[in-house]
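Undergrad: Sharing a structure here in structure tokens format.
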Amino acid sequence: MFGYEELSLNWRSAIMFSVCLPMLVIAFMLLTRSVERRANAFLGLFLIASVVVQVPQIIGFAGAYDLWPELTYMPFNTELYLGPLLFLHARALISSSPIGRQWLLLLPGVIYQLYFVVLVLWFPNYLDRWEFNDGIHQPYVLPVVTVLFPLSVVIALVAIYRLTKKYQEFLYATQSIADRFNPVWLTRMISIGIFVGIILVVFQLLELVLGGLNYFDAFPFQLILAFVISWLSLQALAHTTVKYPKLYEFESEGDTEDNIRNWESEGRELVATIKRHQWYLNPSITLSELSSKMASNESYVSKSINSGLGMNFNRLFNSLRTEHAKSLFKDSSISILEIANRSGFNSKATFNRVFKEITSETPSQYRKRMTKQPETPSE
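Heads up: the sequence shown begins at 0 in numbering that gives the first Met the number 0, then just goes up one per residue.
Encoded structure:
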């Protein structure tokens, strides 16, 4: 193969390359990150697969296929990996259980890539590959992949949605700083995935109806997809820097226990104990740690909070912290940031959001109202 000097990196190739290159850099950063190795590895592989599937666009606009038609059927078709790799990333981030048979989700992608490898080896002459494309691939194989690809993405997004909803409930039931571990980028990904999915379906249908789109026809679709995935990779890079609490089930107390205990009374006693020891000032306390301090089990403590107080663990501790913060506002010399820190909040942004959620006022509005409030005359 020769003729490298005849390649032309035109504006389309340059744009696509400039979008894909950062994705490869981020993928490398994820693959070498020491925190959440398994989850970040799946995400890094997802980004690599996303870039590989764009390679025909990049080299095609540069004229590589005109110079080297032998590149036809090179195994750049990694689209069937995308949905499964996203799901495996979400699962590894949220659960510590082994992957098990879910590795089989990657099997369609492996088979599809091996299919192209076999064709390249079986038909050394590219003209034979073109003939096979017209006689077999286009009418029989492509329609199957056209359906399978968007279907795998939809199934993955639905599974991720269910998993993240369950995980969010778990976080608010066990973590006092649930927002720190809330995988918001995954939920954003689902919304974006719907948008991308529509684009992919349109692209695949046009390819199927028109008998294959050329590079110029497909470029807008591929570029939008590349931009979206690039933005998604930046979100992922920013949100996978800490170790996430793993999903687990509480041991049930049973119906008999529910009938015997007065959970409302138990909840009041629990709150009194938490206030007495000021455990809510610990910004990272968890249900497990609280249960240990109470010499009890998580199921019992959780039941005392949920059934006895009518709220979850996160809401209870944020309410106690907000109550403590309101008492500190009496001293006008203390800054809002210091009040947040001294009340057990891990950041000012979280303090502002939680305070308004509970009091319907921002900390600044509350302070302003309190300073304007006239003093009660002494009797």
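Glycine included, every Cβ here is placed at the ideal spot set by N, Cα and C.
Give the straight-line distance between the Cα atoms of Asn-296 and Ser-290, rounded to the nearest whole angstrom.
TA: 5 Å
Undergrad: Inspect the CB distances between the stretch 186–194 and the stretch 296–311 and report whether three or more fall short of 8 Å.
TA: no
Undergrad: Decide if the stretch 45–59 is in contact with the stretch 114–126; the criterion is three or more beta carbon pairs, one per stretch, under 8 Å apart.
TA: Taking a cut-off of 8 Å for Cβ pairs, the stretch 45–59 and the stretch 114–126 do not touch, as fewer than three such pairs fall below it.
Undergrad: With a threshold of 7 Å on Cβ separation, who are the neighbours of Ser-306 within its own chain once the five nearest residues in sequence on each side are excluded?
TA: Trp-262
Undergrad: Mapping the DSSP letters down to three states, classify Thr-71 as helix, strand or coil.
TA: Three-state result, Thr-71: coil.
Undergrad: At a Cβ threshold of 8 Å, is Asn-340 touching chain D?
TA: In summary, chain D is missing from the structure at hand, where a single protein chain is found.
Undergrad: Whose C-beta lies closer than 7 Å to the C-beta of Tyr-160 among residues of the same chain, with five residues either side of it excluded?
TA: Ile-189
Undergrad: What separation, rounded to the nearest whole angstrom, lies between the Cα atoms of Ser-326 and Ile-335?
TA: The alpha-carbon separation between Ser-326 and Ile-335 amounts to approximately 12 Å.
Undergrad: With burial defined as no fewer than 16 other Cβ atoms inside 10 Å of the residue's Cβ, what is the status of Phe-103: buried or exposed?
TA: The displayed chain sequence assigns Leu, not Phe, to residue 103. Under this definition Leu-103 is an exposed residue.
Undergrad: Is the CB-CB distance between Ser-229 and Pro-21 below 8 Å?
TA: yes
Undergrad: Going by DSSP in three states, Gln-53 sits in which element: helix, strand or coil?
TA: coil
Undergrad: When the Cα atoms are used, what is the spatial distance from Leu-185 to Ala-237?
TA: 12 Å
Undergrad: Okay, do the stretch 85–99 and the stretch 25–39 touch, 3+ Cβ pairs below 8 Å being the bar?
TA: yes
Undergrad: Excluding sequence positions up to five away, which residues of its chain have a Cβ less than 6 Å from the Cβ of Phe-354?
TA: Thr-321 and Pro-362
Undergrad: So for Thr-404, helix, strand or coil by DSSP?
TA: In the structure as shown, the chain begins at 0 and stops at 378. Residue 404 is therefore absent and cannot be evaluated.
Undergrad: So which of Ser-332, Leu-269, Phe-350 and Tyr-365 has the shortest CA-CA distance to Ile-176?
TA: Phe-350
Undergrad: Going by alpha carbons, who is nearest to Pro-244 out of Ile-197, Ser-96 and Met-73?
TA: Ser-96
Undergrad: Assuming Ser-12 and Phe-60 make a contact with CB atoms under 8 Å, what is their CB distance in whole Å?
TA: 4 Å
Undergrad: Ends of the alpha helix (DSSP H) at Arg-90?
TA: 78–93
Undergrad: When you compare the stretch 61–80 with the stretch 97–117, are there three or more beta-carbon pairs, one atom per stretch, that lie closer than 8 Å?
TA: yes
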